[in-house]
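Residue numbers (the working numbering), protein chains in the order written: chain C, 721 to 824; chain R, 2 to 161. Using N, Cα and C, we set each Cβ at its ideal position, and we do this for glycine too. On a predicted model such as this, the values are computed, not experimentally measured, just so you know.
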């Protein structure tokens, strides 16, 4: 017995919900970035699962989209962490509740 | 592809992700994120996308996790979590998970049998990337360069 497409999609939905939980309920800026990374990774799992269960001609589109998505999430992580460092230098904290103005 | 490996990897990945989302210590959470991403890469191996799994390990575990740990150490004054866990986030996440699971179980078109998979080699991926995906590849290159410059500009010393 092999796992079906639905099993992979449910695992992916669970991973997405956990990422959403981390992004919504934590106060720390780096935790929010970790949650966003988890949500992007869950979307990648969806791409690969749909690619695997595609009908026979089997184009490689799913793998390509997953590769581009990984590259874009790497860029997002780099810019997000740079923003955390820049804001920390100004406010001396990483608690997002205390970031109350953007003007420096 | 058998069910036993699937169940083991699923439990491992979801437990590591839940630990990364709820642990109070930031460094432990970052290391649990690494474990969750390793579980996700093993899902990719299980699904026959070995190249994407390797890329995930290289980029996330090799680069992004190190970047997160560096940022935690640089902003290390308050790596302890500030008190006040927001419980409405738990409610929203549970609601989203319930809606997604209901929709997945309800959809009839998702109950398909796995076809016989043909392995996608790195050579084929390279050929497809150079033939049909040249413009997206160039755009990702420009995006990565812009992200590199942007990150450098953001963390430069402010002029007084």
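Element boundaries [alpha helix (DSSP H), containing residue i]
i, result
"residue 90 of chain R", "88 to 107"
"residue 139 of chain R", "135 to 156"
"residue 806 of chain C", "781 to 811"
"residue 747 of chain C", "Residue 747 of chain C -> no alpha helix (DSSP H), and no H or E assigned at all."
"residue 54 of chain R", "51 to 57"
"residue 123 of chain R", "123 to 132"
Residue i in three-state terms, based on DSSP
i, result
"residue 26 of chain R", "strand"
"residue 815 of chain C", "strand"
"residue 74 of chain R", "helix"
"residue 46 of chain R", "helix"
"residue 820 of chain C", "coil"
"residue 112 of chain R", "coil"
"residue 724 of chain C", "coil"
"residue 120 of chain R", "coil"
"residue 764 of chain C", "helix"
"residue 736 of chain C", "helix"
Beta-carbon gap between residue i and residue j smaller than 8 Å
i, j, result
"residue 64 of chain R", "residue 763 of chain C", "no"
"residue 93 of chain R", "residue 744 of chain C", "yes"
"residue 112 of chain R", "residue 726 of chain C", "yes"
"residue 742 of chain C", "residue 37 of chain R", "no"
"residue 97 of chain R", "residue 62 of chain R", "no"
"residue 733 of chain C", "residue 105 of chain R", "yes"
"residue 752 of chain C", "residue 799 of chain C", "no"
Burial state of residue i (16 or more Cβ within 10 Å)
i, result
"residue 820 of chain C", "exposed"
"residue 787 of chain C", "buried"
"residue 142 of chain R", "exposed"
"residue 71 of chain R", "exposed"
"residue 811 of chain C", "exposed"
"residue 53 of chain R", "buried"
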